[in-house]
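Q:
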Amino acid sequence: MVLIAPSLLSADFSNLRADIEFINQSNADWFHLDIMDGVFVPNISFGLPVVKAVQKYATKPLDVHLMITNPDAYISQFRDAGADWLTVHYEACTHLHRTVQSIHQAGIKAGVSINPHTPVSVLEHIICDVDLILIMSVNPGFGGQSFIPESLQKIKELQALIKRKHSKALIEVDGGIDTSNAAQVIAHGAQVLVAGNAIFSATDRNFVINSIKNNC
Ligand code: DX5
Ligand code: ZN
4 MVLIAPSLLS ADFSNLRADI EFINQSNADW FHLDIMDGVF VPNISFGLPV VKAVQKYATK
64 PLDVHLMITN PDAYISQFRD AGADWLTVHY EACTHLHRTV QSIHQAGIKA GVSINPHTPV
124 SVLEHIICDV DLILIMSVNP GFGGQSFIPE SLQKIKELQA LIKRKHSKAL IEVDGGIDTS
184 NAAQVIAHGA QVLVAGNAIF SATDRNFVIN SIKNNC
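Below, the structure is given as structure tokens:
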């Protein structure tokens, strides 16, 4: 069964508590939190105090997606703020293997994300060390963008790599997911779907979550 991780980037920040409670009572599985530093991506979202505040009320795992340079400097702080899963970008880590080790040493699950232009093949020698690979299906930085169709091929390639290397990594896909494309994304091998705009802009948000979970 596919896991759904609503992205709080599209939540109502003036009433975040209500949106946290909504996710708690819904059939969603994780909270997806997008951390942007205005350097790695051309946008600034929110940081540690907000993650901490979410943790206070969230009853489901926190899936923290770091779109920041030098993530190594903040691993223990995000762990302390409540991250259960901490995903860094391949493109932001010169010593990715060491970064993944540090996340594990902090006692939490480690993920690696790749941008739309980054080939799956760069993951060959890290795939057995990570718990999750996050395929960006839009260019990171903003919610509400359109799904890049080429991502489907990358999901398939990743699934083949995971199989060939006997890795246990989960395949997460992030960006432009909605009820019109989720079934296809799942059919190509995605196991965790992030959705921001599609859920939070809907009049019936539970319907969107349930539709995606039931493969639309
Ligand atoms: C984009 C973020 C995504 C984003 C997804 O940089 O990583 O998590 O919030 O939002 P939608 O579903 O609106 O594309
Ligand atoms: Zn994200």
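The sequence shown maps to residues 4 to 219 in our numbering. Ideal placement from N, C-alpha and C gives every residue a C-beta, glycine not left out.
For a test of your reading of the model: does the CB of D181 fall under 7 Å from any non-hydrogen atom of ligand 2? Yes or no.
A: no
Q: Could you please give the first and the last residue of the uninterrupted beta strand (DSSP E) stretch that includes S116?
A: 112-117
Q: Answer yes or no: do V197 and D181 have a C-beta to C-beta separation smaller than 8 Å?
A: At least 8 Å separates the beta-carbon of V197 from that of D181.
Q: Taking DSSP's pairing of strands, which residues face F34 in a bridge?
A: L65
Q: Once the 5 residues before and after T72 are set aside, which same chain residues still bring their CB inside 7 Å of it?
A: D40, V42, F43, A95
Q: Quick one: using the 10 Å Cβ neighbour count with 16 as the cut-off for buried, is F34 buried or exposed?
A: buried
Q: With V57 and L12 assumed to form a contact (beta carbons below 8 Å), what rounded beta-carbon distance in angstroms separates them?
A: Wrong, their Cβ atoms sit about 12 Å apart, outside the cutoff.
Q: Quick check: does the Cβ of H35 come within less than 7 Å of any heavy atom belonging to ligand 2?
A: yes
Q: Could you check if A198 belongs to the surroundings of ligand 1, using beta carbon to heavy atom distance under 7 Å?
A: Distances between the C-beta of A198 and the heavy atoms of ligand 1 include at least one below 7 Å.
Q: If we count the other Cβ atoms within 10 Å of its Cβ and call it buried at 16 or more, is P27 buried or exposed?
A: The question names Pro, but residue 27 is Asn in the sequence shown. Looking at its Cβ environment, which holds fewer than 16 other Cβ atoms inside 10 Å, N27 is exposed.
Q: Does the separation of the CB atoms of V91 and L69 fall below 8 Å?
A: yes
Q: Do Q194 and L164 have their C-beta atoms closer together than 8 Å?
A: no
Q: With 8 Å set as the bound, which would you pick, yes or no: does the beta-carbon of S105 sit closer than that to a beta-carbon of chain B?
A: Among the chains in the structure shown there is no chain B, since it carries only a single protein chain.
Q: Which residues mark the beginning and the end of the alpha helix (DSSP H) in which A21 is found?
A: 19-28
Q: Could you compute how far the alpha carbon of F145 sits from the alpha carbon of I202?
A: 15 Å
Q: Considering only heavy atoms of ligand 1, does any lie closer than 7 Å to the CB of F145?
A: With a threshold of 7 Å, the Cβ atom of F145 counts as near ligand 1, since some heavy atom of the ligand is closer than that.
Q: For the candidate residues T62, L51, H98, Y60, whose alpha-carbon lies nearest to that of S79?
A: Nearest of T62, L51, H98, Y60 to S79, Cα basis: L51.
Q: Hey, out of P9, F49, I7, V5, whose CA is closest to F16's CA?
A: F49
Q: R208: buried (16+ other C-beta within 10 angstroms of its C-beta) or exposed?
A: buried
Q: According to DSSP, is V91 part of a helix, a strand, or is it coil?
A: strand
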